[in-house]
Structure formats: C-alpha cells, structure tokens
C-alpha cells in the first residue's frame, strides 16, 4: 500500500497538522506493509528533519513565493500555503504521478475541492483531515475529530458518497496516551492540590503567550509555589527570550524543547495551561484539567464544546485582559478545589485514545 501525505508546518500554522499525520502514518506502519511519503513545503518552521527522523520519506516542495497574495476567490486560509494553489497541485502531481498512491491524505486548510480534483487522476482515493467545515472538499473520506461536529456541518461541502468520520472518538492520538490512560484515571481520583502546572502553547507560540502566562503566574500569592513545566517548540520565535526570562521569576520553572514525552508530562501535571487544537484531545485522554486559550479559528468550536460540558475552562482569545483572567481563575480554583476534579471527570470521558486505530480500520475497509 502506498500512502502520500500532503501537509505543512510553519510559524503561522504551527506544527499540529504534521504531528497528527505522523500519528496516522505510524499506525499504518505498525499494522500494514506500507510505503509512506510526506510532501511538505519549505516554509519557515517546517518539520522536515523531524519527519525524516521518524523514519518516513519526505519530498520537499520549494520555498514559498515571495510577496504571495491570495486572490479573492481563494479560501480563507490561502495565505498559509504561500503559493498559488494550482502551482502547489502541479508540484505535487510531479512527485506522485508515477506512484499512483492508494491514498492521498490532505491536511491543509489552504486546499479545497479545486486542488483535490486536480489530483484525482493520480491517486486511487483521497482522505481529507479538517476542522473548519468552511470550504468544499473532494474526498472519499473526511476526518474531523472536533467534539460536537455533525454531518450537517459538511452537508453541502462534500459529495454524497463521502464517508465522514466525525467527533472526538476519531481523535488521532499517539499510543503513549492510551498506555498511560489507566494510570491517569486512578491519579485524577485523588487530587492533592496544584503542585505541577504544564504550560504549552503549541509548537510555535507565535503570539508569545507563554511569557504573558508566566508573568501572571508569578504574581499569584501561592501558599506553596508549584513547579511550572514549560514545553516549547524549537522553531518558536520567542524561545530565546523566554529562556532568558525565567531566572527573573520567583517560581520553579523549567523549559523543555521539542519533547517526546508529552504524555508523561501530562500525567504528572495537576493542571495545564494550553491552546485548543489537537493537544486538547491528548489532555482529555489523560483527564488533565486545562485553562485553554483559543489561538486559531479552528480551535474555537473545540473549546466551546468541551467547555459546555465542563471539560475545561475556556479563557477565549488572548486580550489585554488575559492577565486578570488567569489570576482570577486561579483565585476561584483555590477557593473551590473540587472544580479541578469535576473538570477531570468530564474531559476524560470524551477521548478513549483509540481514535487512530478506528481511522486506520475505516481506511483499510475502504480499499
């Protein structure tokens, strides 16, 4: 079986798209005899080395076109592609034309049905991973792991024969989260205060929210200072700034870069401060209570739906009021410790960690 992934990472779009595609690729590699090829563009912040270190072949598309501006008829996130969509399609076709992949997996908000249709003659089937439901898609399977997503959201966006895999039961989580889930369920039953906080704002944190969070935590009157575990990506434009800052805080803070043990860190943590997106499902799988910020449009529905059932505390988009919100929230948590336990009880029911195996089974059955 030949599977090709067309996916990008960059400072603007973050690393989450590549990470979830790698999770899917790993699951296929574990269960089937497959040839996996990743196709990515050389954006600033791309993850070429990381993909290859995972053991997958990578074909790199040329660097973005300088000064690229989307046309009026392009999709909302066209700027993230940084080249005309037709050029991207032609460059992709040049790579895969002789392969005739069994599946082309497309995880890119900049690409829509026009791009998919041009690739159709060169692939057997197309799987699109999406979270936005904001454009037409030409695919055989659509995967949207957003909790609360319904078929009607894509009714006029995909063809009638498209198989839709919707909801958090299809969340693409790495196996280490499943492996630690039983331990997490036991641990969350015995909450002993906020002693360890995990702070992770995605692979790039292009808005430098991490420093604002640390500023706020430093101003809280802690009875016992918690350990602050900060995780950042090596491509974050503010990494060096934050590394210099931490010695000025009256807190026990460590910064780790491009970690491979996120599941262990989530298990150890009593509370997380993070963004929406794919990592929200990782936290839910391990029942980790979270103060969550919305850093992108695709995170809005995820956070709203989880917040609606009490599975996190949604702090919305970062604003000038962010500092007050963080301190006020911790004040509320300190007054009512059972809030943390209730959040954990709710979020852990949303994701069982078996989503990637369900997706692979659906893909395999569609051949």
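Numbering (this note's numbering), first residue to last: -17 to 349. The beta-carbon is built from N, C-alpha and C at its ideal position, and this holds for glycine as well.
Given residue i as reference, the closest of the options once Cα atoms are compared
i	options	result
residue 275	194, 224 and 232	194
residue 232	84, 142 and 205	205
residue 60	7, 217, 300 and -6	-6
residue 57	95, 337 and 258	95
residue 28	38, 36, -4 and 50	-4
residue 168	323, 64, 148 and 315	323
residue 243	180, 224 and 297	180
residue 83	280, 99, 63 and 107	107
residue 219	86, 93, 73 and 192	192
Cβ pair residue i, residue j closer than 9 angstroms
i	j	result
residue 283	residue 113	yes
residue 211	residue 238	yes
residue 317	residue 173	no
residue 216	residue 187	no
residue 266	residue 292	no
residue 270	residue 257	no
residue 255	residue 182	yes
residue 224	residue 236	no
residue 75	residue 100	yes
Close beta carbons around residue i, own chain, < 8 angstroms, minus the five adjacent residues each side
i	result
residue 33	0, 4, 20, 22 and 40
residue 45	23, 24 and 25
residue 314	321
Enclosing beta strand (DSSP E) for residue i [first to last residue]
i	result
residue -11	-16 to -11
residue 20	17 to 23
residue 234	234 to 239
residue 274	272 to 275
residue 67	Run containing residue 67: none in the beta strand (DSSP E); it sits in the alpha helix (DSSP H), 67 to 78.
Boundaries (first-last residue) of the alpha helix (DSSP H) holding residue i
i	result
residue 347	337 to 347
residue 221	221 to 227
residue 0	-2 to 13
residue 290	279 to 290
residue 197	191 to 200
Own chain, CB closer than 6 angstroms to residue i, minus 5 neighbours either side, in chain order
i	result
residue 97	67 and 71
residue 278	none
residue 246	none
residue 166	249, 268 and 269
Cut-off 7 angstroms between Cβ atoms - residues of its own chain near residue i, not counting five sequence neighbours on either side
i	result
residue 335	155, 159, 160, 163 and 267
residue 79	104
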